[in-house]
Structures are given as structure tokens and as C-alpha cells.
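Everything on this sheet refers to the single structure shown next.
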Amino acid sequence: MATTHIYIALMGVTGAGKSTFISQCTGEQAVVGDTLQSCTRDVQVHSFTYSPGVMVHLVDTPGLDDTNRKDSDVLREISAWLSESYSHKILLNGILYLHRISDTRMQGSGKMSIALLYKLCGKESLKKVVLTTTMWERVDPAVGERREQELQTTEEFWGFMSKHGSQVRRHYNNKQSALDIISMFAPQSFGAAPETVTLDIQKELADEHRTLDQTGAGQVLDGAWGKEKESLQRELIEVREAMTAAVGERDMTMATALHEQQTEMDRVVENLRREQERLRVTMEQLHAERLAKMEEMLQQQREVTRSLTLDLERKQSLYRTQSELEQEEQRNRDMLNTRQQKMMQDLAEKLGSMQVPMDPPPAWTPPATDPVTVASPPITPEPIPPQEVIVPRPQFTLFQELRGFPGDIGSIVFSRDGQRLVVGTYKNQIWVWDRNQAGMWQHSQTLSYKSTSKSDRMFGVGSMHTIDTVVLSNDGRLIAAGSVDKIIHVFELSVQGHGWQESACHKNKLGSMESVGKLALSPDGALLVAATDICADKLFVWKAVPPFLSKRTCVQTIKVKTLTASADDLQVHALAFSPDGRLAVGLTGELVVCEANPGDGMVRAQQVLSVRGRQARSLAWAPSGLCVAAGDEEGMVWVWEQNPRPGSVMQLVAELQQCSGSLEAASLAFSPYGNELAMAAGNGAMYVWKRDADGGWVAANKVEHAGSGKLFSVAFQPDGQCIAVGSKGVVNISNVIR
């Protein structure tokens with residue numbers, strides 16, 4: 001019986017769940033990109049038997065917002081595979097486009113991805129596109145349905161494609177759900193041929209012999225770059241005119257600054273030009289590049305195989321040597337045992353011949369006696385100590401010590417690409433560190449602000465404030481921090497290359513005698529939630545004014561008592577947003593998990609978790625968004641987890657404490673994969689817990705920081721290879737060895 005082959009392309013932004021979907025269908029252990037790093041760099045095909053006589057081939061494509069590759073490279077890779085398969089008469093049977101329903105809003109990369117999808121397919125092929133939402137386990141069903149409806153009814157999202165035949169389906173993160181979606185492309189009757197589809201990009205490259213920049217998909221990218229380049233060129237003209245005027249006025253400081261700005265803008269324009277140039281390739285050139293890349297990968301694989309073979313031979317040689325040594329040792333032990341037995345027998349015979357009877361012998365003749373054998377005393381085996389269940393412990397080795405800070409390190413945050421470190425410290429200062437090409441951290445800029453309060457300036461209070469919370473937007477271009485003068489200071493990264501500059505100050509609706517000590521920024525950057533240090537019984541919600549994340553307006557002032565029925569002290573001790581946009585509020589005696597509406601900024605309680613009268617002073621969410629931890633003033637760490645099934649709630653799974661006594665849990669951090677939890681403690685030590693094989697939490701390590709007195713902050717680098725710990729005037733960055 002001939003086998004029917006079905007080819008389905010999977011597309012979507014990085015982290016939409018393509019690799020997970022494939023692993024659920026094929027049973028393969030796929031690498032899932034929990035971090036910003038995309039785990040699919042090139043087009044890969046994964047095959048499995050769907051039913052007797054039906055083989056499904058899932059074509060995994062890199063995301064169009066891949067963190068490690070330019071959009072032009074991703075489009076070239078996808079176009080090369082599609083055109084090459086078309087040239088070999090291999091046609092797709094459909095396309096799955098995956099989108100996270102947990103996203104609170106459609107990002108710019110998502111809009112670009114949809115525009116490219118439409119141009120890759122063409123209007124006639126949209127009927128073979130299935131728009132699939134993923135990660136329903138991370139949202140409330142009602143919220144998910146509302147977002148799904150918005151996707152289908154908004155023309156620039158999925159509305160246009162839905163009108164032209166694209167179907168919308170939900171993937172519930174299990175194998176059966178994945179196979180149900182695959183069934184939409186499988187033949188409905190035995191022996192029937194599955195429908196195929198020819199995409200516009202295949203016709204344009206293979207049949208019409210266009211270059212990639214002349215295709216519809218290429219023009220989407222080329223047009224976006226062209227607009228950006230034109231805008232920069234207009235700004236360049238203004239900068240050059242201003243520079244000429246500065247030179248004429250002999251203002252050399254301004255002229256130098258403008259020259260640096262012009263150089264940076266020239267560099268950006270040149271990069272955009274190169275991106276456009278990379279699209280001017282034919283199908284044949286794309287195929288040649290793909291072939292060269294495959295040959296290079298094959299050669300690399302041969303080198304890896306050769307290295308592994310040599311390593312295996314070396315280990316086998318060592319094993320043979322070790323085996324021979326063990327055999328020689330066993331022969332020596334056998335010879336020694338033989339000698340000892342011979343000596344015992346000789347001794348027994350001598351003792352037998354020396355024995356004298358105590359009584360006279362009887363009249364009768366006794367029978368001949370055998371030689372007396374002296375039995376050796378029984379050997380009692382030593383007791384074997386009970387075997388402990390050993391959890392592999394991460395080890396920490398100091399990589400670099402960052403010094404020069406004016407005082408306590410109140411907060412530490414890494415950028416999502418792990419190349420920048422932002423530190424909040426004493427005297428209202430924020431220190432920015434960047435990694436150089438050698439991987440070392442270098443201090444690049446110090447941001448500071450002075451109190452605007454007259455009394456603060458008079459008594460010096462404003463200048464002595466330690467920044468307890470610094471937040472960094474996911475795109476790495478915005479920093480926000482609170483100050484003692486009831487102001488939220490916002491700094492923005494300059495596109496002209498001038499570093500960080502203060503772009504906004506938010507102060508309306510904050511109390512007259514209150515300093516801003518707690519901040520949390522939603523994953524999409526839309527909401528900034530603040531709480532004050534004095535009379536901290538309110539939450540202030542600031543919403544971004546599109547398209548500028550730095551420009552915000554206070555849309556809600558929420559009394560904490562409306563979130564909980566508790567009559568206890570409702571002071572806010574900590575705030576933290578989850579990856580899916582939920583807000584955790586740490587109070588005295590309770591931790592409240594809330595839904596934060598990005599539309600109106602309203603915060604509504606979903607679940608109240610008890611910490612039994614303690615103060616939830618530090619909070620951390622696991623990257624999955626299904627686990628949250630809170631640390632209290634006595635060093636106890638509480639861990640709750642939520643089942644991924646829709647409608648499930650948080651359950652307390654662990655109460656962790658390394659030792660008794662007062663050692664405030666000043667800061668908490670989960671590792672990027674959520675299997676390790678670190679605490680910066682008030683006794684100058686960092687405590688680390690690790691998940692065991694049963695899913696529980698066990699103590700894994702304790703790292704003393706000599707001379708630090710107290711730790712204030714801790715953060716994992718996004719790749720999990722390093723951890724940063726802040727104390728008094730020092731940030732220690734250590735390698736994590738697992």
C-alpha cells in the first residue's frame with residue numbers, strides 16, 4: 001500500500017509553541033524556548049506516522065522575531081526551503097500559524113509576522129491556513145475568549161484572513177488536541193489524496209523568477225525598512241544643519257555631540273541599506289546558499305563525530321586499563337586469601353599435636369581421630385549507613401566583582417538578552433553595566449536624580465535614598481525607578497546613541513508625604529504599578545500613552561482593602577508581574593494574585609494566598625507563570641503552584657526555611673527554567689533550593705558572602721549561566737555550575 005505524505009508548515013513568532021506542538025505529535029523531546037533565545041534557527045522537518053499509510057511531515061520554521069537572527073536572514077531561510085521543495089514537486093498541504101493567547105496585546109513583531117504570512121501565502125491560499133491559539137492553560141477562559149474574539153474581528157490581525165477562508169482553532173497543550181488540529185489536513189476517506197496548496201512566494205520565485213525583494217513578502221520588509229531609513233535621513237539633514245550652525249557659533253561641545261549623533265545615525269542607515277540589499281537574491285542563489293550551509297553543517301557534524309569517536313576510544317582505553325588493574329588486584333587478593341587459609345590449616349595441625357588429655361585414657365582403644373581444625377571466629381559485617389537521596393547541587397564560582405557603588409544595592413535586573421545589567425543603589429543612583437566582547441561587565445552610565453522636595457533638599461533626605469526597585473522594559477529601552485519625593489523617574493535609551501536620558505516624571509495622585517518604593521512593569525510595558533513606602537495602602541496604575549511607553553497617565557488609584565476581605569494591616573510590601581500579565585501584591589498576612597486589565601488599568605483580585613501573619617516582603621514568578629514564591633521577614637519562603645488546566649488555582653506546595661532566626665528574605669529569583677529558587681538573605685548568605693524528581697523543593701546550596709553583612713538583591717542571568725547578588729556597595733556575579 002502506497003504511503004500518503006502530508007506536509008504542514010508551522011509559523012509564528014518566537015515562543016508561540018511550535019516546538020512544543022511538534023514534540024506532542026512526534027513524541028520527540030523538543031528543545032522548548034522558555035527564554036528569549038529561539039530554539040529553531042533553521043527550517044527543520046519532523047516526521048511521524050499519523051495513521052496506517054499516512055505520514056505527516058511538520059516543517060518547523062524560525063520565528064520572524066528571532067533574537068539571534070535578522071528578519072532578512074529568517075525570510076531568506078524560509079523562502080529558500082519553500083522554493084526548493086516546490087522545485088522538487090513537494091507541495092504543502094497547509095500552514096499552521098501559532099499565536100499565544102496569553103499575550104495581553106498584539107506586539108509589533110506579531111503584526112509584522114501576520115503581514116508576512118499573508119504575503120507568503122497569497123489570498124487564494126488562505127483557505128489552507130489554520131490560525132491556532134496556544135497557552136490557554138495560562139489565562140482565564142473568559143479572558144482568552146475575549147482576546148480570541150478580538151483577533152478574529154480585527155481586520156489587521158486575523159479578520160481579513162478569516163473572511164477569506166482561514167480557520168481558527170485552539171490548542172490545549174496536549175497530544176490529542178495537536179492531533180485533532182492535524183486531522184484538518186489529513187484525507188477524510190481511505191485512499192483519498194490530500195489537497196495541496198501553492199503559495200505566492202513559490203510562484204514568484206520559481207515560476208516568475210523574481211528576486212526576493214520583488215516578492216510580496218520581501219516588499220513588506222523592504223517597505224518597513226525604507227520608511228525607517230527615510231525618517232532617519234530626514235533627521236540626518238536636521239542634525240547636519242544644526243552641526244553647521246554650532247560650528248559657525250563656535251559651540252564645539254554641541255558640534256561634537258551632533259557629530260557623534262550623525263555618526264550613529266549613518267551607521268543605522270547603512271545597516272538598513274544592507275538589510276534591503278540582502279533581499280536582492282534569486283531563487284538559485286538562495287538554493288546555493290542553503291546547499292553551502294548544509295555542507296558546512298555536515299562537515300561540522302563529521303568533526304563532532306570524529307571528536308566523539310576519539311573521546312570514546314580514549315575512554316575505552318582507560319576502561320581497559322582500569323579493568324586490567326582491577327583484575328590484577330583481584331588476583332592478588334585471591335593469592336593472599338589462599339596463603340591465609342594455608343597458615344590457618346598449619347596452625348590447626350600444630351595445635352592438635354600439642355594437646356594433652358586431662359584424664360587417663362580408657363581401657364579400650366579409641367578410634368583414630370582426625371586432626372583438630374580450629375574454626376576461625378565469625379566475621380561480623382560492618383553496618384552500611386542509610387543512603388541519602390542526593391539532589392544534584394548547583395555550585396557557584398565568582399566570575400566578576402562589580403564595585404564602586406555608593407552604598408546598598410537595592411535592586412538588580414538583567415535585560416532579556418543578558419547583555420545589560422541595571423543596578424539601583426544609594427543616593428538615588430542607577431548604574432548601567434554592559435557586557436563587552438570578552439564577556440566582562442563594564443560600567444557604561446550612571447543615572448541619578450535629585451529630590452524636588454524643598455524639605456528633602458534642606459535636610460538631605462532625598463540624596464540619601466536607596467532605590468529599592470528598578471524595572472526594565474522587555475525591549476530593553478525603558479528604565480523606571482521610584483524616589484523619596486513621590487516621583488516615578490523614567491529613563492529612555494536614546495536612538496541617537498546618547499545613552500540613557502530621563503524622559504518623564506510621574507507624580508500626580510501620589511500622596512504628599514509618600515516615597516515610591518515598589519514598582520512593577522507589565523510584560524508588554526503597557527501598565528506601570530506603584531506603591532508608596534508610607535501609608536502604603538493604595539496601588540497607583542499608570543498606563544502608557546501609545547506609541548510612547550515613557551509617556552503615561554495615572555488611570556487608577558486602587559485601595560488595597562478592595563482586593564481582600566482581611567482586616568489586618570494592608571501595607572504593600574512587594575509587587576511583581578507574571579510573564580502572562582498577572583500582578584502579585586505582597587501584603588501583611590496575604591499574597592493577592594490579581595488580573596491587571598491593560599485596557600482600563602483596573603486591578604481585580606483572582607486569589608488570596610495566606611502567609612499566616614507574616615509580611616510578604618519579596619516576590620518572584622517562575623518563567624512559566626504557574627509558580628509564585630514569597631519571602632517574609634523571618635526568612636521563610638512560601639511557594640505556590642497552579643495546575644496548567646484552565647480554571648485551576650494556586651496551591652501551597654512548599655514552606656522553605658534554611659535556618660531559624662531573623663534573616664529577612666530580601667529578594668527572590670527563579671532560574672530561567674523554573675527549577676531553582678534563590679534567596680538573598682539578611683544574614684549575608686544566598687540560599688538556593690532545587691526541584692527534586694518528585695516535583696518538590698529541597699535545599700541545594702548555601703553561599704556565604706564574606707564581609708557583606710546583608711544581602712539585598714539577587715537575579716539570574718536570562719540564560720541561567722550566571723547569578724548576580726547585591727550587598728553593600730558590591731555586586732558579585734558568579735557562574736552557575738550544574
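Numbering (UniProt numbering), first residue to last: 1 to 738.
Beta carbons are placed, not taken as given, at the ideal position from N, Cα and C, and that holds for glycine.
Query raised in the report: Any idea what DSSP makes of M440, helix, strand or coil?
Result: The answer is coil: DSSP assigns M440 none of H, G, I, E or B.
Query raised in the report: Given a threshold of 16 other Cβ atoms within 10 Å of its Cβ, counted over all protein chains shown, does L325 qualify as buried or as exposed?
Result: Counting C-beta atoms within 10 angstroms of its own C-beta, L325 has fewer than 16 neighbours from the protein chains shown and is therefore classed as exposed.
Report task. Taking P672 as the reference, give the member of R416, V529, A480 with the closest Cα. Result -> When only C-alpha atoms are compared, the closest one is R416.
Report task. Would you list the residues sitting across from T133 in a DSSP beta bridge? Result -> Looking at the DSSP assignment, T133 forms a beta bridge with H99, R170.
Requested in this report: Report the partner residues of L519 according to the DSSP bridge assignment.
Outcome: According to DSSP, L519 bridges with A530.
Requested in this report: Would you give the residue range spanned by the alpha helix (DSSP H) that V74 belongs to?
Outcome: 71–87 is the span of the alpha helix (DSSP H), which, as asked, contains V74.
Report task. Find out if the Cβ-Cβ distance for the pair V639, G631 is shorter than 8 angstroms. Result -> V639 places its beta carbon 8 angstroms or farther from that of G631.
Query raised in the report: In terms of alpha-carbon separation, which member of W433, S522, A530 lies closest to D468?
Result: Here the closest residue by C-alpha is A530.
**Report entry** Coarse secondary structure for G144, derived from DSSP in three states
**Finding:** Helix at G144.
Requested in this report: Mind checking who F396 pairs with in its DSSP beta bridge?
Outcome: The partner list for F396 (beta bridge, DSSP) reads V736.
Query raised in the report: When the Cα of M243 is compared with those of R234, A257, S231, which residue comes out closest?
Result: That would be A257, whose Cα lies nearest to the Cα of M243.
Requested in this report: Return the residue from the list S85, H57, Q721 that minimises the CA-CA distance to G439.
Outcome: Ranked by how close their Cα comes to the Cα of G439, the residues S85, H57, Q721 have Q721 in first place.
Query - Distance between S522 and G695 (C-alpha atoms, nearest Å) - result: One C-alpha to the other measures close to 28 angstroms.
Query raised in the report: Where does M679 sit, in a helix, a strand or coil, going by DSSP?
Result: Looking at M679 - three-state DSSP - the assignment turns out to be strand.
Query raised in the report: Between V130 and E401, what straight-line distance do the alpha-carbon atoms span, to the nearest angstrom?
Result: Using only the alpha carbons, I get a separation of about 51 angstroms.
Report task. List the DSSP bridge partners of H57. Result -> Listed as beta-bridge partners of H57 by DSSP are Y7, S47.
Query raised in the report: Once you ignore the five residues that flank residue 746 on each side, which residues in its own chain have a CB closer than 6 angstroms to its CB?
Result: Since the first residue of the chain shown is 1 and the last is 738, residue 746 is not available in this structure.
Query raised in the report: So residue 762 packs on K128, CB below 8 angstroms; how close in whole Å?
Result: Lying before the first or after the last residue shown, residue 762 is absent from the chain, which here runs from 1 to 738.
Report task. Look up M106 in the DSSP assignment and say whether it is helix, strand or coil. Result -> Taken through DSSP and simplified to helix, strand or coil, M106 comes out as coil.
Query raised in the report: What is the rounded straight-line gap between the Cα of P579 and the Cα of D524?
Result: Here the C-alpha atom of P579 lies approximately 9 angstroms from the C-alpha atom of D524.
Requested in this report: Indicate whether K111 and D60 have their beta-carbon atoms separated by less than 8 angstroms.
Outcome: The Cβ atoms of K111 and D60 do not sit closer than 8 angstroms to each other.
Query - Cβ shell of V555 (< 8 angstroms), same chain only, five flanking positions each side left out - result: Only V541, W542, K543, D600, G601 meet the Cβ criterion.
Report task. Counting only the same chain and skipping the five closest in sequence on each side, list residues whose C-beta sits under 7 angstroms from that of T215. Result -> These residues qualify, in order along the chain: I201, E204, L205.
Query raised in the report: Which whole-angstrom value describes the C-beta separation of L587 and L519, a residue pair presumed to lie in contact below a C-beta threshold of 8 angstroms?
Result: About 17 angstroms separates the beta carbons of L587 and L519, which is beyond the 8 angstroms limit, so they are not a contact pair.
Report task. Put A536 into one of helix, strand or coil per three-state DSSP. Result -> Residue state, collapsed to three classes: coil.
Report task. May I have the straight-line CA-CA distance separating W136 from R582, to the nearest angstrom? Result -> The C-alpha of R582 is placed about 14 angstroms away from the C-alpha of W136.
Query raised in the report: Taking C-alpha atoms, which residue in K175, E704, S411 lies nearest to T397?
Result: Nearest to T397 by C-alpha distance, out of K175, E704, S411, is E704.
Report task. Could you check how far apart the C-beta atoms of G482 and S515 are, in whole angstroms? I think they sit under 8 angstroms. Result -> Contact flag correct, Cβ pair sits at about 7 angstroms.
Query - Reduced DSSP category for K119 - H, G, I as helix; E, B as strand; rest coil - result: In this structure, DSSP gives K119 a helical state, which the three-state scheme calls helix.
Query raised in the report: If we call anything under 8 angstroms between Cβ atoms a contact, is I714 one with A665?
Result: Rather than Ile, the amino acid found at residue 714 in this sequence is Val. A665 sits away from V714, with the two beta carbons spaced by 8 angstroms or more.
**Report entry** Close-in-space but distant-in-sequence residues of the same chain around S125 (CB under 6 angstroms, 5 per side omitted)
**Finding:** Scanning its chain for C-beta atoms nearer than 6 angstroms, with the 5 sequence neighbours on each side dropped, one finds around S125 the residues V197, L199, in chain order.
Requested in this report: Return the first residue and the last residue of the beta strand (DSSP E) that M650 is part of.
Outcome: Counting along the chain, M650 sits inside the beta strand (DSSP E) bounded by residues 650–656.
Report task. Can you tell me which of V628, E634, T211, V45 puts its alpha carbon nearest to the alpha carbon of L652? Result -> Measuring from the Cα of L652, the nearest candidate turns out to be V628.
Query - Residue of V13, L82, T14, S411 minimising C-alpha distance to V45 - result: Among V13, L82, T14, S411, the Cα nearest to that of V45 is on L82.
Query - Alpha-carbon to alpha-carbon, Q606 and A16 - result: Their backbone Cα atoms lie some 25 angstroms apart in a straight line.
Query - Nearest-angstrom Cα separation, counted from E264 out to W621 - result: So the alpha carbons of these two residues sit roughly 38 angstroms apart.
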